[in-house]
Structures are given as C-alpha cells and as structure tokens.
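If you read the protein sequences in the order shown, they are chains U and L.
Under the numbering used here, the first residue of the first sequence carries the number 1, and numbering increases by one thereafter.
Under the numbering used here, the first residue of the second sequence carries the number 341, and numbering increases by one thereafter.
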Amino acid sequence: MSTSNTRQEVIVSSHGDGGLLTHELLQRIFFPAFSNQWLDQAGDAAVLTLDNQRLAMTTDSFVVSPLFFPGGDIGKLAVCGTVNDLIVSGAQPLWLSAAFILPEGMPRRMLEAVVQSMADTARGLRLPIITGDTKVADNGGPENLFISTTGIGLVHTGADLHPGNIEPSDVVIVSGTIGDHGAAILSARLGLAPQDSPTSDCAPLNFVFTKLQPLFPEIKVMRDPTRGGIATTLIELASSGKVDLVLEESSIPIKPKVKAVADLLGVDPYYLASEGKALLVVKQEAADAVLRLLREHPQGEESAVIGVAEPGKGNVYLRTSLGGTRQLRMLAGTPLPRIC
Amino acid sequence: MDRIDDGLLKALLRKVDSLGQRAQEQKRRKVKIMEVCGTHTVSFARSGITSLVGSYLDLRSGPGCPVCVTHQQDLDRMFALAKLKDTLIVTFGDMLRVPGTFTTLETEKARGAKVHICYSPLEAVDLAAQNPSYNVILLSIGFETTAPTIAATLLQAAEAGLSNFYLYPALKMVPPALLALLQDGGCDLDGLILPGHVSTVLGSEAFHFVGRFGIPAVVAGFEPLELLMGLYVLLRMINEERAAVENAYSHVVRAKGNLSAQRLINLCFEEEPVTHWRGLGPIPSSGYRLAERYAAFDVRTRYELHTPPVEARPRCRCGDIITGKISPFECPLFNKGCTPSDPAGPCMVSSEGACSAYYQYMLR
Numbered sequence: 001m002s003t004s005n006t007r008q009e010v011i012v013s014s015h016g017d018g019g020l021l022t023h024e025l026l027q028r029i030f031f032p033a034f035s036n037q038w039l040d041q042a043g044d045a046a047v048l049t050l051d052n053q054r055l056a057m058t059t060d061s062f063v064v065s066p067l068f069f070p071g072g073d074i075g076k077l078a079v080c081g082t083v084n085d086l087i088v089s090g091a092q093p094l095w096l097s098a099a100f101i102l103p104e105g106m107p108r109r110m111l112e113a114v115v116q117s118m119a120d121t122a123r124g125l126r127l128p129i130i131t132g133d134t135k136v137a138d139n140g141g142p143e144n145l146f147i148s149t150t151g152i153g154l155v156h157t158g159a160d161l162h163p164g165n166i167e168p169s170d171v172v173i174v175s176g177t178i179g180d181h182g183a184a185i186l187s188a189r190l191g192l193a194p195q196d197s198p199t200s201d202c203a204p205l206n207f208v209f210t211k212l213q214p215l216f217p218e219i220k221v222m223r224d225p226t227r228g229g230i231a232t233t234l235i236e237l238a239s240s241g242k243v244d245l246v247l248e249e250s251s252i253p254i255k256p257k258v259k260a261v262a263d264l265l266g267v268d269p270y271y272l273a274s275e276g277k278a279l280l281v282v283k284q285e286a287a288d289a290v291l292r293l294l295r296e297h298p299q300g301e302e303s304a305v306i307g308v309a310e311p312g313k314g315n316v317y318l319r320t321s322l323g324g325t326r327q328l329r330m331l332a333g334t335p336l337p338r339i340c
Numbered sequence: 341m342d343r344i345d346d347g348l349l350k351a352l353l354r355k356v357d358s359l360g361q362r363a364q365e366q367k368r369r370k371v372k373i374m375e376v377c378g379t380h381t382v383s384f385a386r387s388g389i390t391s392l393v394g395s396y397l398d399l400r401s402g403p404g405c406p407v408c409v410t411h412q413q414d415l416d417r418m419f420a421l422a423k424l425k426d427t428l429i430v431t432f433g434d435m436l437r438v439p440g441t442f443t444t445l446e447t448e449k450a451r452g453a454k455v456h457i458c459y460s461p462l463e464a465v466d467l468a469a470q471n472p473s474y475n476v477i478l479l480s481i482g483f484e485t486t487a488p489t490i491a492a493t494l495l496q497a498a499e500a501g502l503s504n505f506y507l508y509p510a511l512k513m514v515p516p517a518l519l520a521l522l523q524d525g526g527c528d529l530d531g532l533i534l535p536g537h538v539s540t541v542l543g544s545e546a547f548h549f550v551g552r553f554g555i556p557a558v559v560a561g562f563e564p565l566e567l568l569m570g571l572y573v574l575l576r577m578i579n580e581e582r583a584a585v586e587n588a589y590s591h592v593v594r595a596k597g598n599l600s601a602q603r604l605i606n607l608c609f610e611e612e613p614v615t616h617w618r619g620l621g622p623i624p625s626s627g628y629r630l631a632e633r634y635a636a637f638d639v640r641t642r643y644e645l646h647t648p649p650v651e652a653r654p655r656c657r658c659g660d661i662i663t664g665k666i667s668p669f670e671c672p673l674f675n676k677g678c679t680p681s682d683p684a685g686p687c688m689v690s691s692e693g694a695c696s697a698y699y700q701y702m703l704r
C-alpha cells in the first residue's frame, strides 16, 4: 500500500500475534533476508535430508502471562510446543535444547518450578534436553521469563506432509476440543473463579505419532493450531491455493466453559490457541480409520471431522448451524476484549 | 448449539423470511432496519443472519459502538496523555489500535508508554495503589452499560483515598444520540433494533420516545435465536403498519431497567450540556461528566491538554456508516485505503465496529 493510515515504524504487540501483521513481518523482513530451500518450505519444522534420512528441526520461543496457569506453565508449554511442531511434521522427537532469558528479580523458587516442570514433561517423553543457555536481562518485571526451545526429530519414512497435497474431497479432522489453552489464559488474566475457568490443554501430541504412523501415507498434512487458533492455521493451509476448506460449525468440538469465556469476552473461539491438539487433512477414505485410532487415546477421545476441502481459491469458510456461510479471515491484532 | 435449538432457529427463520418478503413486496424495495448497537451488527454478521436475510432486509448500523463515536480530539488527548512520563493508561483492549490523528496507543506502548489493557476497570484502582509515582488514568469510553462499572471503580478509588487515580471521562448516552438521528430524519428507516445491553440498564421505557417518529422498534438480545425473535417482532409490526416499542428481550430487560446501576451512575456523574460525537457532531445532554464532588478525579483538571484542532480524515465515511446513511461496502476506503491491518477509522478497528464486522464476516 502506497500510503498508510497508521504506519508502524516500531514493532508493536500485534506483530507477535500470528495474524496479518506477523505475516507481513515474515514476508517483508525474514523470508527475503534468509531465503533458502529449507526455510522456504515454511512448515512447522524444516525437513533436512542427511544420508538418506530425513531430519526435522524446529525452534520456538515462549512468553506467557501468567507463567503458571490452570493445566500447565511456561516450562511444560516450552517442551510441548516444540515437540508438537515435530510430531505434526511427521517426526519422532529425538533431542531438545533450551535457552532462557531470565528477568532480573525473578524469584529463584519460581525458576526452579518452571525448570522442574520442563524436566518432568521431557522425561515423560523420554526426550533428553541436551544443551542450553542462560542469560539475565532487565526485562521489565519478574514475570517476564523468555524460553526458547529447539527440537530435532527423525521424520517417519511414510510421511509426506505438505499443504500442497490437499485435494478436493479431503477431510479436516481435529484431535479434540478447540481453544482450551487460549480460553484458560484469558480467564486467568480476567481473574475468573477456578470453577468457571477452562483448563489449558497443554500436552504433548506423541500419541498422534504413535497411533497414526501406519496411516501416514493417507495423511496430507498436519498442524497444531496454537497461536491464532484453528482459523489462522487452516487459512495458512488453504492459502496454498487450489482448495477452499469448508467447516461445519456444529461439528467443531468446543467445551462449554471455553464457549462461555469466548462469549463473555466477545472473542471468536476459532482464533483461540490450543496447545495439545492436532489438525489433520486426510484422504476421505482414510477418515474413519484416522478417527478410530485417535479416539483410542484419552487425549484424542473427542476427535471429530470438522470440514472438507472443496475446489476453490484458498479460502476458509464456516457454515453456521442456521445455514449461513461466512469466511474466516486472518486477524489484524489479537482479539482483545471489551466488556460491557 | 444443540439440535433442539437448531430446529427452532430454522422454523423462526422461515417465519422471518415470509414476513420480510411480504414487507419487501409491499414497499417494492428492501426493508431498511437499523441495529443501533454495534454488538448487534457483529452478532448478525457472525451468525450469518445478515447474509441470510440480505435479499429482503437492508441492515444498517447505528451509533452504538462506543469507540467509533469517540471524538477524534478526545482520542488525540488520550494518546497525548499516554506519552507523558508520569502516566499509566488503563484501557479496554479495543482502544489499542484505534487511529488518532498522529499515533495509536499500540505505537505509544511500543515506544515505552505505560499502557495496561484491562479486563475490568477495577484493575485501575489496584494499579494506582501499586504505582504511587504514576498518575493512573482510566480511559472511560462507553455507554450506559459501561458507566456503572466505571462509577463503581471511581467510588473504590475515592474510598481508598487515592490521589493518583484519574478518569478521562468520555461516557455517552445512547437515547439522546438516537433522538438526534431521528430528528435529523436523514435515513428513512422502516424499523429499529434497540440496544439490548443499554436497555438492560435503562429499561425499555427509555426508548418510548421512538414511537413519536412513527418507526416500529424492538429491544432484542444477541444470540441467534434472540436476533431472529427481534426481527420477527419488528417485521410483524412493519407489516401491520404499527409503530410501537416492543420488548423481545423481556427475559433480561425490564421496563424500568436496573435501578441499582442507575443509582451508581447518578451518584458519580451528571449530564454534560453538550457532548461532541464522532460522526454525529454536538448533541445536547448526551454525555456524562463527573459529579461535582468527584470532579477532581477528572484528568483534565490535572493536566492542561492542548492538541491541535482536528479534521476528519478525507474520504473516511465512518460518520455516514454509524448514522445508517450508507453500508460499509459503500465507503470508498473500505478494503482499499482502510483494512483491519491499516485502519483509517475506528469502525474498522473496534470489535463492535460496523466496518470491522463487515470485513471479518461479510466480505466475499
């Protein structure tokens, strides 16, 4: 755009929300500067070939307020986030690194609790944290802990996961209820009573890998709908161009408490993050088998088919229970509440 | 939504369809209905009802989006306050990206301004107590729905004896704005959907004056079933050529409203003789200022604010959109020089803004 109404000469918080402004930064600054064959795949993890083996590598940084929330904490999140990016790339996680930027003034006990939670989560996955780094910065408050984790995994031989694989009649599956993490964080900030608050779904998705590996050739692509929720993730998948993804609102699993928090704050639950769910696009004929396998695991009991790919131009549509249709668009700015 | 609701919704939609089509045939044009409240605009669009009834209903937005009607000069002054070294601004999140003449709160926050996004205005009281070296300023934007919580916050701050707690009062009243709009007579409406939340506080009787203008009106709720019920009641009146104010949200809204909320408002605020609205201009007795005994909490008594006089952005037609004269699609900037990532006016930013709702839910 030649003229701008509110040109951002500085980085603002919306640049980090995974929506339009984040994409603008990636397209204008990062991709042009770093462009190479691995980065340009633009997947959740880069896939690298080494001696006929395919490795996946991914990195992620974590900031969350509050550091401890119902269902998890920043440490568990930092392990699960990176593990899940590897899993949805069809890779078995092998090693993890962890870097910390500690805020000056952070209580020592708080750090110990976070690190213990990371260790417990990684140990549960038999996943070693093999290297790390620690710095201290004046980050403006004892709660401003930053953690970066990098993960390396071995890609399953049967996996060829890429949004370009999606074809008309493929179906969209989600491995459980949506928006639990986002709603839990919002409720914690809102100060809702614990009995009214949703619990974060923060959890590793290793069961998706274990259960589904025999079916990998039937799976077109997988993602974990974190920042920006299922809406943003599906928009990214559809934007490869040749299909539209059409969702059926009534089949999208959502917990009543999550719906209630979203309604209360006037935010759309399709844009709220999950931290322990996978979105899959699979061949129609494999949908039943995928659902059955996912539902065998407690974390996947509420898996459901939520939509279908149709010939189109790369858009995502939602059919409401009344029969209306609306397009889901990438957000400009975090959905921030007004309570009136 | 469960399946019983589903059947009920579809049955009610069929009734609305048949009433709406009949009215359209009689008028030989679409039936023009204004939803006064921004939350209605969003709820209609989000539920898909706007497009389902679009062949016979022309839904127009009204002035009921608090951020959208906040005068540019007020915005500029609030943002100027944010730039001061000794201030801490407390605001609802929907103000963050609203464009002032020179800047936004989001930009000032990135440049180091202290801006706290609140979920409840009461957070401002705690912040003032915890940050004695800052003057904590609660941006008080909203209608009769927000005024009681702002009042409760003010009372807490007064009781705590806080000397560093201030309000920037920009609270407005919906009925006088609606009256001004109807007296202006510019948009020949066939019916009005009255704001459900404001009516909860004021009572449905506060809108009885609408009857004088011969326009049928209904108080409606916000869930799909309640939206359709509102349309059904309104279209029935339109077909019967009967102009009354009916309450289709009676499970929530009472005739006299919420008396304790009204008491809180009356305790803390008084009418301002004239208030300037973005898009509507000056309207008498349409805004709240602090009651005399609380006047010292008005931040404008603490800082002298000089911002250059402002002119509306050329070609931005927010004013015509929030008075129902045009639909967002008719604004020359819509999706061209004005998008959610680069907004020209607040209607494209606010979660209750008409342009934001049309962009998010209706653009094809």
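Don't be surprised by glycine CBs; every beta carbon is placed ideally from N, CA and C.
Quick caveat, the model's predicted, so the values are computed rather than measured.
- Judged by beta-carbon spacing, Y589 of chain L lies beyond the 8 angstroms limit of G543 of chain L, meaning their Cβ atoms are not closer than that value.
- At a cut-off of 8 angstroms between beta carbons, R451 of chain L contacts chain U.
- Annotated as distal: A694 of chain L and I623 of chain L, with beta-carbon spacing of 8 angstroms or more.
- Put simply, of U:Q27, U:L161, U:V172 the residue whose alpha carbon is nearest the alpha carbon of I252 of chain U is U:V172.
- Between K454 of chain L and Y474 of chain L, the C-beta spacing is below 8 angstroms.
- Residues of the stretch 344-358 of chain L whose Cβ lies closer than 9 angstroms to any Cβ of chain U, in chain order: D345, D346, L349, K350, L353.
- Listed along chain L are Y459, S460, each with a C-beta nearer than 9 angstroms to that of L190 of chain U.
- Rounded to whole angstroms, N165 of chain U and K220 of chain U show a C-alpha spacing of 5 angstroms.
- Out of L:V541, L:A464, L:Y628, the CA that lies nearest to the CA of G597 of chain L is found in L:V541.
- DSSP places S387 of chain L in the helix class (H, G or I) of the three-state scheme.
- DSSP assignment within the stretch 368-442 of chain L yields the following whole alpha helix (DSSP H) runs of 4 residues or more, N-terminal first: 378-387, 389-392, 412-423.
- For the alpha helix (DSSP H) assignment, the uninterrupted runs of no fewer than 4 residues enclosed by the stretch 176-203 of chain U are, from N- to C-terminal side, 180-190.
- Per DSSP, reduced to three states, the secondary structure at Q523 of chain L is helical.
- Think of a sphere of 7 angstroms around the beta carbon of L607 of chain L: no beta carbon from chain U falls inside it, the nearest being about 20 angstroms out.
- If only complete runs of 3 or more residues are kept, the stretch 588-629 of chain L shows the beta strand (DSSP E) at 609-617, in order along the chain.
- Taking the Cα of G388 of chain L as reference, the smallest distance to any Cα among U:G43, U:A286, U:E249, U:P194 is reached at U:E249.
- The continuous alpha helix (DSSP H) containing K257 of chain U extends over residues 256-265.
- Counting C-beta pairs with one atom in each stretch, the stretch 262-277 of chain U and the stretch 291-298 of chain U have fewer than three that are closer than 8 angstroms, which means they do not touch.
- With fewer than 16 other Cβ atoms from the protein chains shown falling within 10 Å of its own Cβ, H591 of chain L counts as exposed.
- By the C-beta criterion, the stretch 497-510 of chain L is judged to be in contact with the stretch 478-486 of chain L, since at least 3 inter-stretch pairs fall below 8 angstroms.
- Residue contact check for P680 of chain L against chain U: a CB pair falls below 8 angstroms.
- With respect to the C-alpha of L397 of chain L, the residue from L:C671, L:K665, L:A363 having the closest C-alpha is L:A363.
- If you compare the alpha carbons of U:N52, U:L20, U:I87, U:L67 with that of G43 of chain U, the shortest gap goes to U:I87.
- For A309 of chain U, the uninterrupted beta strand (DSSP E) segment begins and ends at 304-311.
- In chain order, L479, Y508 place their CB closer than 6 angstroms to the CB of M418 of chain L, counting only its own chain and leaving out the 5 sequence neighbours on each side.
- D268 of chain U places its beta carbon 8 angstroms or farther from that of N315 of chain U.
- Within the stretch 481-553 of chain L, complete beta strand (DSSP E) segments of at least 3 residues are found at 505-511, 531-534, given in chain order.
- Between the stretch 141-153 of chain U and the stretch 97-115 of chain U, the count of Cβ pairs shorter than 8 angstroms is three or higher; the stretches touch.
- Take L21 of chain U, set aside five residues on each side of it, and the residues of its chain with a beta-carbon closer than 8 angstroms to its own are Q8, V12, S14, H15, A332, G333, in chain order.
- Chain U places no beta carbon closer than 8 angstroms to that of T410 of chain L, leaving this residue out of the contacts.
- Around L703 of chain L, the beta-carbon contacts reaching into chain U at under 8 angstroms are Q327, R329.
- Residues of the stretch 310-322 of chain U whose Cβ lies closer than 7 angstroms to any Cβ of chain L, in chain order: T320, S321, L322.
- Residue-level contact by beta carbon holds for V12 of chain U and chain L, with a gap shorter than 8 angstroms.
- Cβ proximity to chain U below 9 angstroms picks out T379, V382, A385, R386, S387, G388, I389, T390, S391, L392 from the stretch 373-398 of chain L.
- Comparing alpha carbon positions, the residue from U:A137, U:V47, U:V155, U:E167 closest to A309 of chain U is U:E167.
- Boundaries of the beta strand (DSSP E) harbouring Y317 of chain U: 316-319, taken from the DSSP string.
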